[in-house]
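> Here it is, the structure, as structure tokens.
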């Protein structure tokens, strides 16, 4: 389904090139793949490379065998890639219904839009006509972001740390949302996460650190090893 | 009425035919139709062009439509409309001006609307300005609105100019009595080389009077906008003014808030923000499959909704 071949990504930082991703090759065919690893290791960059927000400095990206490396964000979205931002964007004037309708790509009625909101645990009636502006909390925005991805229903959905900024109570519901999504979704899910309970839903786990793939394998093999390490160690030593 | 005029009426007043209730339609500087009701009278002025709209005290749940359409190139139309809203009335007034100019000469409509809002009366006033036409003649509109609200009165004014007006200077003044409130919402979009100037002056003279002046605008291409919002707190009162603008291409937007407190218990706030569409907003909508241009259109139309 998705294949990254020798993908590198460099940025200019204080007059010197900094390599964020180093020669990453990765093939994803499973239904639910979690990407984890220390902060600053390149996980979000990898997601943005997949969505087309960043163009790789070198390497190739194949989606269902087709080379999408030079395709724009829009083209990739139309090919069937969805991307949920780590920090959802606010829009003055656009309502929750407007965004869900745009995500669905066709005009949908209120009850259809409400179904997606109910799936993410929002009382649809209270939210459907709300503006997606500063009046919504971070947790509400995250759920609306996820509802948009569900409304799109594409072959590949990429979630960048859906748990970030969500309180514990909402987090329990969020886990349920992803468990349900695992059963219902027709395509594949790539989810960037630090949370054991999310990693635990995954078929496979990718560990990204220092811009490289450190480990990639079945959850049963990777997860026990990750959990066995002390947290401090995992962010300092283990990935070096 | 000709087709162009009917189209204009639909744009500015959502009218698909003859409106219900009281109305006065002005087409190419002449009377195009009028209806009065038991409570609302419309009388042609004798000393100058224009009409008096007289709403009896206590009139409830009625509306008045007073659209103006111009389809003749090169016409300059100046009109004075005075509204007398009786005490305790509760009505909706829908005005609007549409110009279709397919000639080479400028068409201009300058409307001077004066509102005398009686004690405890409540009115909603909606006006839309729209221009069209494929000629080189300019569409010019200079609406002036003068508002006087008596004790306990309330007026909400919604003013919209979305398209096709090449040049506009919009001046609104309001004077408020005790416990009177005014809410003004402006929506404005300029494109091409258009120029739009808005000037609001509100005098909060009465005790516990209040004003809320909100403007949202989008400036595209090489258009220019100037927004001036002036609130004078002359008594115990509260005032808020807010200007929020999206700037695109090579446009220019100036926001000039001016709040003056002349009384120890006057509480006044101004907010102004001008900026381009945030890149992340465009990217988000592009990840939903919209092109950059489609994303821009959605953001702009949502902002002006």
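Chains as they are written, first to last, in this note's numbering: chain A, 5 to 244; chain B, 3 to 307.
C-beta atoms are modelled at their ideal positions from N, C-alpha and C, and glycine is treated no differently.
In this text the structure is predicted, and so the values were computed from the model without any measurement.
#1: Which class does residue 304 of chain B belong to by DSSP, given the choice of helix, strand or coil?
#2: Shortest alpha-carbon distance to residue 201 of chain A belongs to which of A/91, A/189, A/166?
#3: Answer yes or no: does any C-beta atom of chain B fall closer than 8 Å to that of residue 97 of chain A?
#4: Whose C-alpha, out of B/121, B/170, B/106, is nearest the C-alpha of residue 139 of chain B?
#5: Pull up the distance between the alpha-carbon of residue 158 of chain B and that of residue 126 of chain A, whole angstroms please.
#6: Given residue 184 of chain A, which residues of its chain have a CB within under 8 Å of its CB, disregarding the five upstream and five downstream residues?
#7: Apart from the five residues just before and just after residue 171 of chain A, which ones in its own chain have a Cβ nearer than 7 Å to its Cβ?
#8: Among B/224, B/261, B/63, B/287, whose alpha-carbon lies nearest the alpha-carbon of residue 22 of chain B?
#9: For residue 269 of chain B, does the three-state DSSP call read helix, strand or coil?
#10: Run down chain B in chain order and give the residues with a C-beta less than 9 Å from the C-beta of residue 73 of chain A.
#11: Using 8 Å as the Cβ pair cut-off and three pairs as the minimum, do the stretch 27 to 37 of chain B and the stretch 66 to 85 of chain B touch?
#12: On the criterion of 16 or more Cβ atoms from any shown chain inside 10 Å, does residue 46 of chain B qualify as buried, or is it exposed?
#13: Alpha carbon to alpha carbon, what distance is there between residue 46 of chain A and residue 6 of chain A?
#14: Indicate the three-state DSSP secondary structure (helix, strand or coil) for residue 234 of chain A in the structure shown.
#15: Listed from N- to C-terminal order along the chain, which residues in the stretch 96 to 123 of chain A have their beta-carbon within a distance smaller than 7 Å of any beta-carbon of chain B?
#16: Using the three-state DSSP reduction, which class does residue 120 of chain A fall into: helix, strand or coil?
#17: Report yes if the CB atom of residue 51 of chain A is closer than 8 Å to the CB atom of residue 107 of chain A, and no otherwise.
#18: At a Cβ cut of 8 Å, what residues of the stretch 160 to 194 of chain B count as close to chain A, listed as they run along the chain?
#19: Touching or not, the stretch 191 to 202 of chain B and the stretch 221 to 232 of chain B, by the rule of three or more beta carbon pairs under 8 Å?
#20: Any Cβ of chain B within less than 8 Å of the Cβ of residue 86 of chain A?
#21: Using alpha carbons as the reference points, say which of B/265, B/147, B/41 lies closest to residue 171 of chain B.
#22: Sort out for me which residues DSSP pairs residue 191 of chain B with in a bridge.
#23: Quick check: is the beta carbon of residue 55 of chain A nearer than 8 Å to any beta carbon in chain B?
#24: Give me the chain B residues within the contact set of residue 78 of chain A, using Cβ-Cβ distance strictly less than 8 Å, ordered along the chain.
#25: Can a CB atom of chain B be found closer than 8 Å to the CB of residue 89 of chain A?
#26: Whole angstroms are fine: how far does the CA of residue 219 of chain A sit from the CA of residue 186 of chain A?
#27: Taking only three categories from DSSP, how would you classify residue 279 of chain B?
#28: For the stretch 145 to 170 of chain A, which residues have a beta carbon sitting closer than 8 Å to at least one beta carbon of chain B?
#29: Between the stretch 51 to 60 of chain B and the stretch 78 to 89 of chain B, do three or more beta carbon pairs fall short of 8 Å?
#30: Helix or strand or just coil, what does DSSP make of residue 242 of chain A?
#31: Evaluate the contact criterion for the stretch 253 to 262 of chain B versus the stretch 54 to 74 of chain A: three or more CB pairs, one atom per stretch, below 8 Å.
#32: Would you mind giving the Cβ-Cβ distance between residue 55 of chain A and residue 82 of chain A, rounded to the nearest angstrom? I have them listed as a contact below 8 Å.
#33: For residue 254 of chain B, which residues from the same chain have a beta carbon less than 6 Å from its beta carbon, with the 5 sequence-adjacent residues on both sides left out?
#34: Using the C-alpha atoms, what's the distance from residue 246 of chain B back to residue 113 of chain B?
#35: What's the call for residue 103 of chain B, buried or exposed, on a 16-neighbour Cβ count within 10 Å?
#36: Between which two residues does the alpha helix (DSSP H) containing residue 127 of chain B stretch?
The answer reads as follows:
#1: helix
#2: A/166
#3: yes
#4: B/106
#5: 34 Å
#6: 123
#7: 143
#8: B/63
#9: strand
#10: Under the 9 Å cutoff, chain B gives no residues; its nearest Cβ is about 17 Å from residue 73 of chain A.
#11: yes
#12: exposed
#13: 18 Å
#14: With a pLDDT of 46 at residue 234 of chain A, under the threshold of 50, the predicted position of this residue should be treated as unreliable, though the coordinate-derived value follows. Three-state result, residue 234 of chain A: coil.
#15: 96, 97, 98, 102, 106, 107, 109
#16: helix
#17: no
#18: none
#19: yes
#20: yes
#21: B/147
#22: B/220
#23: yes
#24: 288, 291, 292, 293, 294
#25: yes
#26: 23 Å
#27: coil
#28: 152, 156
#29: yes
#30: Per-residue confidence for residue 242 of chain A stands at a pLDDT of 45, beneath the threshold of 50, marking its modelled position as unreliable; the derived number appears in the next sentence. If DSSP states are grouped into helix, strand and coil, residue 242 of chain A belongs with coil.
#31: no
#32: Residue 55 of chain A to residue 82 of chain A, Cβ: 12 Å. No contact.
#33: 226
#34: 26 Å
#35: buried
#36: Not the alpha helix (DSSP H): residue 127 of chain B falls in the beta strand (DSSP E), residues 124 to 134.
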